[in-house]
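The structure appears below as structure tokens.
Protein chains: 2
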Amino acid sequence: MIKLPVLFDLEEDKVKREIIKRKARRVLVQLPEGLKPEAPRIASLIEESGALPIISADPCYGACDLALDEAEMLSADLIIHYGHSEMESLKRLIDVPVIYVEAKANISVKDVVEDALHYLKPWNNIGLVTTVQHVHMIKKIEKILRAAGKKVYIGHEPGLKYPGQVLGCDYRNAKAISNMVEAFLFVGGGVFHAIGLFLATLKPTIAADPFEGRAHRIDDEAKRVINKRWADIAEASKAKRWGVIIGLKIGQFNLEASLKIKRDLEKCGKEAILLAMREITPENLLEFPTIEAYVNTACPRISLYEGRKFSKPVLTPRETYVAIGKMKWEEYLKSGLL
Amino acid sequence: MIKLPVLFDLEEDKVKREIIKRKARRVLVQLPEGLKPEAPRIASLIEESGALPIISADPCYGACDLALDEAEMLSADLIIHYGHSEMESLKRLIDVPVIYVEAKANISVKDVVEDALHYLKPWNNIGLVTTVQHVHMIKKIEKILRAAGKKVYIGHEPGLKYPGQVLGCDYRNAKAISNMVEAFLFVGGGVFHAIGLFLATLKPTIAADPFEGRAHRIDDEAKRVINKRWADIAEASKAKRWGVIIGLKIGQFNLEASLKIKRDLEKCGKEAILLAMREITPENLLEFPTIEAYVNTACPRISLYEGRKFSKPVLTPRETYVAIGKMKWEEYLKSGLL
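Structure, rendered in structure tokens:
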């Protein structure tokens, strides 16, 4: 097994330096699930730097889930948030210093991008996107694609830190160039972002995973998600009693959207109950057996990736408008599910 | 199926009256898992009273889990907390009005207490305890026991609202009378509190469940919990790397205890990593594969009831002192596990 610290740059020197420079006494650490096994190593590092380390052990799937309340409760004077880049929109809410360690992957992308070229054969104009773990390699990837005769497009929209970067919930860097490209290449681990990319653009999408060392076309898998969305919307359209989920994670909190959709559901003769929650899990929703469908104003990927886990439809706000006949399915699809 | 509102008094008139009197505009509702199905009914009631209802859909297992942060985030001007009585120790932390609806059970206890008398035959001095759902029946239960010739003891310690009341984590009303009684009678639903009662007192314990309509002796089930505690402590005594869990629920938060036990573990040559978390679940702990044992400074019942769910030992602080040889198992047992 390859040791994680070799795979991901945990920027140990920077972390030490910053703790010492800021004279931090108590440091709250947030890690995405894949890096949580490194918690003991990171805790030692912080302790060596003269501060008390506290590891946040609740799930953390993005910079949207910044542990500000927890830092306050624990009197932490510094948060170190690993694995995600800073969310522009949260800056104004932050009242404790936060260091982002983006956990860049120390892994070659050359072979897997060359593998991806086989799949990219039919197209000349390629949109290139990746996660924060590989953005430092984007020029290298671009070069490989160019050398193979491709025209490469990389988007960079305001609020996203790096050119070509996508988040699980934010594909604006892909959408911005979508009408100029015939297909997308996503470089990164797993299928989560690649599926999101297809849902956002509906363009042929090749996923090149440097960790698995293989590329493949993601479209069919993403289309199964779309089919499930269709089925969930159809089922929800018959629902009388709706739960409107307000996400309590700071970057997912959208009370205004929840109140609006409650009013819109009620205007259509539906019953709508506001449900505030931190973790949107199948178990938590099972406690409300008479609610027939949910609209989720928090993380859209809970609907668009984990839909199968729930026994009732859990729609995004736009899907809800399709379900109550205020938006056409085709229009929803055309504008991208994300 | 018996409808829940018939079984539990949701004090609808009081709730309406209080909302109107306090001119509440936005009301956050907390319900224990068993009452969550009533959320739509309660939401309607609040809406009829002129306020916006928001249901907290995260798990809630006690008044220790008061949703103060959530109320602040949602700008709620009133919390209605169902199913538990107020925790004395939290009063000084509360900055938003809270109404407690204790959800008294509308169910006769007569038959089940008479059933319990068969099991209580060997003893004359009986300690009587129950949950907040049945405390209003305690005089009636006492009378039935007296009529059968029993001497009845009911404790009432400071900080507990009602005589004879126990919480999942607080059996002081039982411990206070324990040396005067030969056996305990617990009246209430399920086995959770009855097992806790045995763990706290080690006295013969009869559980009389008015919902199931049957009484039985709980000792063997509780002894299996004790055996599991012994096994977990034995396993943890070999652990080098410990996780020290800081509970982030307001009434479970005990940073000082966590810091103390971290120091004490380190004095014994152990490694100790502070882990802050809201929900202590097997899934969340599985993310730390190199941690060999946990000490949990939050809800003790996670260790003393759900121990089997975890793949690694999750000890209470006192159990941890047994594991590192600073307390004898017999001493721990004798003073009560809770």
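Protein chains in written order, with the working numbering: chain A, 1 to 338; chain B, 1001 to 1338.
Built from N, CA and C at the ideal position, the CB exists for glycine as well.
Rounded C-alpha distance that separates residue i from residue j
i, j, result
"residue 1046/B", "residue 254/A", "22 Å"
"residue 1197/B", "residue 1171/B", "6 Å"
"residue 1110/B", "residue 1141/B", "7 Å"
"residue 38/A", "residue 176/A", "36 Å"
"residue 88/A", "residue 194/A", "23 Å"
"residue 1001/B", "residue 1113/B", "The predicted model places residue 1001/B with a pLDDT of 47, which falls under 50 and marks its position as unreliable; any figure quoted below should be read in that light. If you take the alpha carbons of residue 1001/B and residue 1113/B, they lie about 23 Å apart."
"residue 976/B", "residue 1052/B", "In the structure as shown, chain B begins at 1001 and stops at 1338. Residue 976/B is therefore absent and cannot be evaluated."
"residue 1314/B", "residue 1244/B", "9 Å"
"residue 1282/B", "residue 85/A", "28 Å"
"residue 1066/B", "residue 64/A", "24 Å"
"residue 1217/B", "residue 1108/B", "20 Å"
"residue 80/A", "residue 303/A", "29 Å"
"residue 104/A", "residue 54/A", "23 Å"
"residue 13/A", "residue 161/A", "22 Å"
"residue 1208/B", "residue 1028/B", "34 Å"
"residue 228/A", "residue 239/A", "17 Å"
"residue 1211/B", "residue 1192/B", "14 Å"
"residue 1335/B", "residue 310/A", "45 Å"
"residue 1278/B", "residue 58/A", "7 Å"
"residue 1133/B", "residue 1019/B", "23 Å"
"residue 24/A", "residue 221/A", "46 Å"
"residue 270/A", "residue 1181/B", "57 Å"
"residue 1007/B", "residue 1119/B", "26 Å"
"residue 148/A", "residue 184/A", "15 Å"
"residue 1150/B", "residue 1337/B", "27 Å"
"residue 322/A", "residue 139/A", "40 Å"
"residue 1115/B", "residue 1144/B", "11 Å"
Distance between beta carbons of residue j and residue i, contact taken as under 8 Å
i, j, result
"residue 201/A", "residue 186/A", "In fact, because the Cβ distance is near 10 Å, the residues do not count as touching under 8 Å."
"residue 1100/B", "residue 1035/B", "In fact, because the Cβ distance is near 13 Å, the residues do not count as touching under 8 Å."
"residue 1262/B", "residue 1274/B", "6 Å"
"residue 324/A", "residue 276/A", "About 22 Å separates the two Cβ atoms, so there is no contact after all."
"residue 1307/B", "residue 1232/B", "6 Å"
"residue 1173/B", "residue 1135/B", "The pair is not a contact, with the Cβ atoms about 10 Å apart (cut-off 8 Å)."
"residue 1031/B", "residue 1060/B", "7 Å"
"residue 294/A", "residue 312/A", "6 Å"
"residue 1317/B", "residue 1257/B", "6 Å"
"residue 1009/B", "residue 1106/B", "6 Å"
"residue 1188/B", "residue 1131/B", "4 Å"
"residue 164/A", "residue 154/A", "4 Å"
"residue 1287/B", "residue 33/A", "6 Å"
For residue i, the residue or residues it bridges with in DSSP
i, result
"residue 1205/B", "1184/B"
"residue 1179/B", "For residue 1179/B, which the question treats as bridged, DSSP gives no partner whatsoever."
"residue 1081/B", "1030/B, 1100/B"
"residue 245/A", "275/A, 296/A"
"residue 1128/B", "1185/B"
"residue 1134/B", "None; residue 1134/B has no bridge partner."
"residue 1160/B", "Bridge partners of residue 1160/B: none, in fact."
"residue 214/A", "209/A"
"residue 65/A", "Note: residue 65/A sits in no beta bridge, so no partner."
Limits of the alpha helix (DSSP H) - the one that residue i falls within
i, result
"residue 1335/B", "Element bounds for residue 1335/B: n/a, residue is neither H nor E."
"residue 46/A", "39-48"
"residue 286/A", "282-286"
"residue 1318/B", "1317-1323"
"residue 226/A", "219-236"
"residue 95/A", "Premise fails: residue 95/A is in no alpha helix (DSSP H) and is neither H nor E."
"residue 1068/B", "1068-1073"
"residue 1119/B", "1110-1120"
Delimiting residues of the beta strand (DSSP E) encompassing residue i
i, result
"residue 151/A", "151-153"
"residue 1019/B", "That residue, residue 1019/B, is in no beta strand (DSSP E); its alpha helix (DSSP H) goes 1012-1021."
"residue 255/A", "Element bounds for residue 255/A: not the beta strand (DSSP E) but the alpha helix (DSSP H), 255-267."
"residue 55/A", "52-56"
Check: residue i C-beta below 7 Å from any heavy atom of the ligand HEM
i, result
"residue 1259/B", "For the structure depicted, the ligand HEM is absent and the ligand set is empty, with no information on it obtainable."
Proximal residues, the stretch 1235-1246 of chain B versus chain A, C-beta separation under 9 Å: 1241, 1243, 1245, 1246
Interfacial residues, the stretch 35-46 of chain A to chain B, with Cβ spacing under 7 Å: 36, 37, 39, 40, 43
Against chain A: residues of the stretch 1058-1070 of chain B by CB proximity under 9 Å: 1058, 1059, 1067, 1069, 1070
Positions along the stretch 1284-1303 of chain B whose CB lies within less than 8 Å of some CB in chain A: 1284, 1285, 1287, 1288, 1289, 1290, 1291
Chain-ordered residues of the stretch 1307-1318 of chain B with a beta carbon less than 8 Å from chain A: none
Where the stretch 74-98 of chain A meets chain B: residues whose CB sits under 7 Å from a CB there: 74
Members of the stretch 1250-1265 of chain B near chain A, C-beta cut-off 7 Å: 1253, 1255
Against chain B: residues of the stretch 141-168 of chain A by CB proximity under 9 Å: none
Short-range partners of chain B found in the stretch 271-282 of chain A, where Cβ spacing is below 8 Å: 271, 273, 274, 275, 276, 277, 278, 279
Members of the stretch 1007-1019 of chain B near chain A, C-beta cut-off 7 Å: none
Near-chain A residues of the stretch 1104-1129 of chain B - C-beta to any C-beta below 8 Å: none
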